[in-house]
Amino acid sequence: MRDNVNLSILIPAYNEAVELPETLARVRAAVESVGWSDWELIVCDNNSTDDTADIAARSGARVVFEPHNQIARARNRAAGEARGEWLLFIDADTRLSPDLLAAALRAMARTDIAGGGAPVMFAEPPPRIARGLTALWNRVSLRLNWAAGCFLFCRRIAWIETGGFDEGFYASEEIWFSRRLQRWARRHGQRFRVMAAPAVVTSGRKFRWYSPARMLGHLLLLSVPGAVRVRALCRLWYKRPVSKI
Numbered sequence: 078m079r080d081n082v083n084l085s086i087l088i089p090a091y092n093e094a095v096e097l098p099e100t101l102a103r104v105r106a107a108v109e110s111v112g113w114s115d116w117e118l119i120v121c122d123n124n125s126t127d128d129t130a131d132i133a134a135r136s137g138a139r140v141v142f143e144p145h146n147q148i149a150r151a152r153n154r155a156a157g158e159a160r161g162e163w164l165l166f167i168d169a170d171t172r173l174s175p176d177l178l179a180a181a182l183r184a185m186a187r188t189d190i191a192g193g194g195a196p197v198m199f200a201e202p203p204p205r206i207a208r209g210l211t212a213l214w215n216r217v218s219l220r221l222n223w224a225a226g227c228f229l230f231c232r233r234i235a236w237i238e239t240g241g242f243d244e245g246f247y248a249s250e251e252i253w254f255s256r257r258l259q260r261w262a263r264r265h266g267q268r269f270r271v272m273a274a275p276a277v278v279t280s281g282r283k284f285r286w287y288s289p290a291r292m293l294g295h296l297l298l299l300s301v302p303g304a305v306r307v308r309a310l311c312r313l314w315y316k317r318p319v320s321k322i
């Protein structure tokens, strides 16, 4: 095994036996489509109770384990095992497209870029409130260069020197990591930039699982200072309807 590769694609996964197969297939199809060979795929099994780890291993991914069920820890665990010069974090329900991967690789080829992200769109038409919230997020994301956790890339050295994702957060860890990366980039004469296009496609499954009112209530709650540091207040990200797992 080589000591280093150019790109590490990293996926945190907790009980993702349903979504993970398509996500992994899309990753490999995108990589093959752009003709990229210098890469690795790592899935962090975040203490799953289903076949997540076996599915990832059968796909050819390298599987690592994080016992503490927390998204930030799972992302960091995967990154800590990565050999790539660049890290690309996606989610287990992210549908990576060749166009988006190609755009990210072009950004990675630039010496003035420390990392970035992409706008978000859902694979299925979401409820009206979800469309509004997504449009608002995309405007804020582009203006402030906050990358969504379902698609965030950065130099590995930046992840190391910033300390990675803050494990004090149970949600919104990607926003705080984006801010860390922006500061790191400025110190090194680079930029952390969310690309205007193409968008990253994700499942939008939370809007299928929960009512619009409940989703909005949780999102408003997370705007309260300190709320994202309390696991019980972030249960939307960790507790799923049993029939939906």
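In case it helps, this note's numbering puts the sequence shown at residues 78 to 322.
Here a beta-carbon is modelled for each residue, glycine too, at the ideal position from N, C-alpha and C.
Hey, P89 and I148 are a contact pair by Cβ (cut 8 Å); roughly how many whole angstroms apart? As a first step, residue 89 must be located in the sequence shown, where it is residue number 12. As a first step, residue 148 must be located in the sequence shown, where it is residue number 71. About 6 Å separates the two Cβ atoms, so the contact holds.
Which residue's Cα is closest to the Cα of G281: R263, G245, W314? Locating residue 281 in the sequence shown gives position 204, where the first residue counts as 1. For the options R263, G245, W314, the alpha carbon positioned closest to that of G281 is the one of W314.
For N124, which residues in the same chain have their Cβ closer than 6 Å to its Cβ, ignoring the five residues on either side in sequence? In the sequence shown, residue 124 corresponds to position 47, counting from 1. Counting only Cβ-Cβ distances below 6 Å, and skipping sequence neighbours, we find P144, N146.
Just how far apart, CA to CA, sit L229 and W113? Position 152 of the sequence shown, counting from 1, holds the residue named residue 229. Position 36 of the sequence shown, counting from 1, holds the residue named residue 113. Computed Cα separation, rounded: 18 Å.
Counting pairs of beta carbons, one from the segment 162 to 175 and one from the segment 262 to 270, are three or more of them closer than 8 Å? With contact defined as three or more Cβ pairs closer than 8 Å, the segment 162 to 175 and the segment 262 to 270 are not in contact.
Just to confirm before moving on: does the CB-CB distance between L178 and A235 stay below 8 Å? Numbered from 1 along the sequence shown, position 101 holds the residue referred to as residue 178. Numbered from 1 along the sequence shown, position 158 holds the residue referred to as residue 235. At the C-beta level, L178 and A235 stay beyond 8 Å of one another.
With distances taken from CA atoms, which of S300, S249, E99, G241 is nearest L165? As a position in the sequence shown, residue 165 is number 88, starting the count at 1. Nearest option by C-alpha distance: G241.
Mapping the DSSP letters down to three states, classify S85 as helix, strand or coil. On the sequence shown, residue 85 is found 8 positions in, with the first residue counted as 1. Collapsing the DSSP output to three states places S85 in a strand.
The beta strand (DSSP E) with W163 in it runs from where to where? As a working note, residue 163 is residue 86 in the sequence shown. Counted as a single uninterrupted DSSP element, the beta strand (DSSP E) harbouring W163 occupies residues 161 to 167.
One question on the structure: do L324 and A304 come within less than 8 Å of each other, judged by their Cβ atoms? Nothing in the structure corresponds to residue 324, since the chain is present only between 78 and 322.
Apart from the five residues on each side of it in sequence, which residues of its chain come closer than 6 Å, Cβ to Cβ, to A151? Counting from 1 along the sequence shown, the entry for residue 151 is found at position 74. Taken in chain order, the residues that qualify are P89, C121, N123, E143.
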